Amino acid sequence: GTLDNGIDGAVQMDLGEGPFDVLIGCTDPSATNPTDGAIWDDGSCIFPGDICDEAIVAAAGANEVLAAPTWYVYTAQVSGSVTATSDGASVDTYVTAYSGTCDDLSFVTNNDDLDPYAGNYASSITFDVVTGNSYYIHWEDYWSADGFVWELIEDPLPTTPWAMSALGGL
């Protein structure tokens with residue numbers, strides 16, 4: 012055989028009977044797509060947060076990005092607005108929010124650098140949400156793959172009292 016490119020490579024030679032096409036694939040059991048029976052890793056492993064379809068569930072409060080870039084999905088628990096912020100993180104972040112589905116994402120908003128002149132390269136976005144709808148939040152870090160903590164803050168619409176009655180008089 013010959014190499015298509017590079018200085019080294021691997022060759023699979025099949026002898027006998029069997030389903031030999033499964034020897035190469037994702038061999039990492041912590042991936043979301045391990046290939047049963049694979050003994051050589053082909054670099055196809057996908058981990059939680061790597062792609063939109065494997066987004067990590069975001070919750071109100073602190074969320075941790077282990078390595079950027081990372082996808083999150085937030086299903087609104089309230090109608091109103093939410094803020095996704097990395098303010099206070101020591102890394103340079105970039106954040107984008109989308110609505111819809113992974114197959115049909117609609118841009119909502121994005122942000123890069125809260126105050127670069129003051130050295131604050133954190134990012135923060137606030138956008139309107141509707142209870143039960145899913146929103147995808149994509150965090151990036153152009154200067155490193157370092158992780159960081161970001162916060163999701165829910166701000167529900169004010170509730171209107173109902174079933175009230177008034178009595179006449181003072």
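FYI, the working numbering numbers position 114 of the sequence shown as 125, with every residue one higher than the one before it. The C-beta atom is built at its ideal place from N, Cα and C for all residues, glycine as well. Keep in mind that this is a model prediction, so the values were computed, not measured.
Residue 53 and residue 126 have their alpha carbons spaced roughly 42 Å apart. The beta-carbon separation of residue 138 and residue 92, rounded to 6 Å, stays under the 8 Å limit for a contact. Apart from the 5 residues on each side of it in sequence, residue 39 sits with its Cβ closer than 6 Å to the Cβ of 56 in its chain, given in chain order. Comparing alpha-carbon positions, the option among 102, 163, 118 lying closest to residue 133 turns out to be 102.
Rounded to the nearest angstrom, the Cβ distance from residue 153 to residue 105 is 6 Å, consistent with a contact under 8 Å. When DSSP states are grouped into helix, strand and coil, residue 85 belongs to the strand group.
In this structure, DSSP gives residue 153 a state outside helix and strand, which the three-state scheme calls coil.
Looking from the CA of residue 48, the closest CA among 34, 61, 109, 60 belongs to 34. Closest option to residue 81, judged by alpha-carbon separation, among 117, 68, 87, 19: 68.
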